[in-house]
Amino acid sequence: MNLLEVKNLRVTFATETGQVQAVRGVSFSLGHERLGIVGESGSGKTMTGRAVLRLVRPPGRIEADAMTFDGRDILHAPEREMRALRGKRIGMVMQDPKYSLNPVMTVGRQLTEGLRLRDGLGRADAAAKAIAALEAVQIRDPRRVMDAYPHELSGGMGQRVMIAMMLIPEPDLLIADEPTSALDVTVQAEVLSILDGLVRDRGMGLIFISHDLRLVARFCDRVLVMHKGLVVEEIEAAHLLEARHPYTRGLLNCLPRIGGPRGPLPVLDRAGI
Amino acid sequence: MTALIEIENLTVAFRSKGREVRAVEGVSLSVEARESHGLVGESGSGKSTILRAICGMAPVTGGSIRIGGRPVPTPRGRAFSTEVQMVFQDPYASLHPRHTIDRTLSEPLAIHGLPGADARVVQALTEVGLPPAFRFRYPHQLSGGQRQRVAIARALMLKPKILLLDEPTSALDASVQAEVLNLLNRLRAEQGLTFLMVSHDLAVIDHMCDRIMVLQHGRSVEEITRDDLAHARMTTAYARSLFDASADRMLDGTTEPTS
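Chains as they are written, first to last, in the working numbering: chain R, 470 to 742; chain S, 5 to 263.
Now the structure itself:
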């Protein structure tokens with residue numbers, strides 16, 4: 470049985486000018502694998518990720534023919550049940566550590582908060598577990614980081630703290646929304662290898678949301694390409710370069726390459742899609 | 005002939021919590037007129053600080069900066085801004101949210117007492133590929149790519165010779181990035197501009213620049229030409245690690261070049 474099954478997912482926002490559909494019928498299933506969702510800003514990729522956790526605020530509305538996680542209906546589950554799933558079984562790493570960590574709490578307090586409230590651990594046990602999690606994401610000086618406030622960390626460190634936080638409850642599914650976009654290429658490679666190791670060692674499912682096609686192709690098993698709220702192409706990452714849909718091809722071709730030609734870069738022909 | 009931009013032994017140091025932080029240490033570089041020079045490195049390598057030091061937005065604590073053979077004055081003054089302009093990374097933060105595009109674009113002209121603002125604004129918008137009616141909009145009514153076009157138009161209002169580009173496309177989608185890079189290359193050819201461009205994306209720098217300086221911890225690690233980069237002829241381990249981590253490597257040799 471698949472870990473996550475989504476059929477005909479729609480996310481609609483009621484605005485002053487009428488209904489706006491951010492996601493217009495997305496279906497996919499996920500096993501213990503790495504699924505990439507790629508698209509430009511506004512393609513609905515983030516909303517798809519959030520809808521799985523039912524984290525869309527009114528006036529946004531989530532509809533689907535079916536949405537199941539591990540055999541359970543998460544489309545109609547009461548909010549209580551969803552709260553029990555979030556974090557514990559489905560984790561989410563947000564895009565920007567600058568906005569997603571609490572600026573007035575030390576990293577240590579944020580990391581142990583869940584452990585103490587949810588798992589009822591004592592102070593020392595929770596701290597030990599948090600330090601172990603920081604070590605797992607290759608933070609060299611976890612004790613110093615535990616006492617630091619988010620603004621005292623670099624972008625790469627902040628991102629690793631968020632990953633550590635999501636991994637403490639050992640979720641079965643991790644949704645990572647642009648987890649490396651704010652990072653330098655070398656740090657990016659490190660964070661990816663950490664995520665990769667976790668998927669391999671724990672058999673976790675991963676939904677990796679990104680606008681960077683090259684990154685996703687290198688890192689994921691399977692890729693959904695989204696455009697205007699629809700999946701325009703689903704393809705094995707290894708065969709991404711043979712993608713046929715004009716939108717996918719356009720996204721691939723518009724990237725400059727080291728040693729590539731110097732002429733104008735091909736731009737996306739939006740009229741033709 | 006002397007180079008258009010000459011930086012010799014530049015050092016930029018800040019005091020932070022009583023501790024001296026050297027953001028840039030002993031960096032020298034020269035850029036010829038109409039050349040496009042790239043600076044790459046990770047966050048904290050001092051690449052943006054070099055641009056800010058040229059503009060007078062970071063303290064020059066050692067070394068010298070010369071534009072067109074003359075040392076830059078402090079404060080930089082009006083003559084400087086007709087020669088050198090900067091485009092910033094984040095078009096969401098670099099345009100005044102409560103000024104219309106028209107006001108943003110005509111302000112440099114007003115400061116310099118230049119006539120014909122009306123026609124110049126329309127011309128500037130056309131040059132960057134935006135419809136003239138956009139002048140009555142506010143930044144929040146534009147997309148990221150459109151805002152960056154406005155930021156480029158603003159930088160070109162005083163007809164400078166040099167554009168300092170601080171990660172001009174890293175906040176944009178890949179497809180929009182291609183459009184903005186094409187725009188910059190076209191403007192450089194049309195107006196004979198000189199670029200000094202900062203990016204952490206080697207592929208972007210490679211596409212845009214003739215020569216590239218690799219920075220680490222505020223020091224220059226290596227200076228290579230575009231040709232050397234394309235053939236992976238870097239000599240230092242750090243430059244190679246940046247090259248290897250560059251995401252576009254997976255596409256190398258597997259697709260036909262598209263032109």
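By construction, the Cβ of each residue, glycine as well, lies at the ideal position given by its N, Cα and C atoms.
Against chain R, the beta carbon of residue 35 (chain S) has no neighbour under 9 Å; the closest one sits roughly 18 Å away. When beta bridges are read from the DSSP output, residue 14 (chain S) appears opposite S:31. Separation of residue 568 (chain R) and residue 631 (chain R) (C-alpha to C-alpha, rounded to the nearest whole angstrom) is 11 Å.
Membership of residue 152 (chain S) in the alpha helix (DSSP H) is indicated by the continuous run 148 to 160. In its chain, beyond the 5 residues on either side, 479 have a beta carbon closer than 6 Å to the beta carbon of residue 532 (chain R).
Counting only Cβ-Cβ distances below 9 Å, residue 100 (chain S) has no contacts in chain R at all, with the closest Cβ about 22 Å away.
When the alpha-carbon of residue 616 (chain R) is set against those of R:523, R:519, R:577, R:582, the nearest one is in R:577. Contact check for residue 91 (chain S) against residue 167 (chain S) passes: the beta carbons are separated by less than 8 Å. Not flagged as an interface residue toward chain S: residue 674 (chain R), since no C-beta distance is shorter than 8 Å. Against chain R, the CB of residue 245 (chain S) has a partner CB under 8 Å away; the residue lies at that interface.
A buried status is given to residue 143 (chain S), since no fewer than 16 other beta-carbon atoms sit within 10 Å of its beta-carbon. When beta bridges are read from the DSSP output, residue 492 (chain R) appears opposite R:480.
The C-beta separation of residue 735 (chain R) from residue 722 (chain R) comes to about 5 Å, placing the pair in contact by the 8 Å criterion.
A contact between stretches requires three or more CB pairs, one per stretch, nearer than 8 Å, and the segment 78 to 97 of chain S fails this requirement with the segment 118 to 136 of chain S. With a threshold of 16 other beta carbon atoms within 10 Å, residue 527 (chain R) falls short and is exposed. According to the DSSP secondary-structure assignment, residue 220 (chain S) is paired through a beta bridge with S:223.
Looking from the CA of residue 588 (chain R), the closest CA among R:551, R:604, R:637, R:623 belongs to R:637. Leaving aside the five residues that flank residue 718 (chain R) on each side, the residues in its chain whose CB is nearer than 7 Å to its CB run, in chain order, 712.
In this structure, DSSP gives residue 615 (chain R) a helical state, which the three-state scheme calls helix.
Taking C-alpha positions only, residue 476 (chain R) is separated from residue 543 (chain R) by approximately 12 Å. Residues of the segment 45 to 60 of chain S that bring their beta carbon within less than 7 Å of a beta carbon in chain R comprise 46, 47, in sequence order. Nearest in C-alpha terms to residue 737 (chain R), of all of R:696, R:727, R:704, R:706, is R:696. With 16 or more other Cβ atoms from the protein chains shown falling within 10 Å of its own Cβ, residue 649 (chain R) counts as buried. Around the Cβ of residue 571 (chain R), a 10 Å sphere holds fewer than 16 other Cβ atoms; the residue is exposed. Annotation: the segment 636 to 674 of chain R contains the following complete segments of the beta strand (DSSP E) (minimum length 3 residues), in chain order: 642 to 646. Taking a Cβ-Cβ threshold of 9 Å, none of the residues of chain R is close to residue 17 (chain S); the smallest such distance is about 20 Å. Close partners of residue 208 (chain S) in chain R (Cβ separation under 7 Å): 725.
Taking C-alpha positions only, residue 596 (chain R) is separated from residue 40 (chain S) by approximately 51 Å. Within the same chain, Cβ atoms closer than 6 Å to the Cβ of residue 674 (chain R) are found at 472, 499, 501, 642, the five residues on either side in sequence being excluded. Listed by position along chain S, the residues whose Cβ is nearer than 9 Å to that of residue 624 (chain R) are 47.
Between residue 607 (chain R) and residue 663 (chain R), the CB-CB gap stays under 8 Å. Taking 8 Å as the CB threshold, residue 510 (chain R) lines the interface with chain S. Closest by C-alpha distance to residue 178 (chain S), out of S:148, S:42, S:249, is S:148.
Ranked by how close their Cα comes to the Cα of residue 214 (chain S), the residues R:689, R:728, R:682 have R:728 in first place. When rounded, the separation of the alpha-carbon atoms in residue 676 (chain R) and residue 583 (chain R) is 23 Å. With respect to residue 12 (chain S), residue 67 (chain S) sits close: the two C-beta atoms are nearer than 8 Å.
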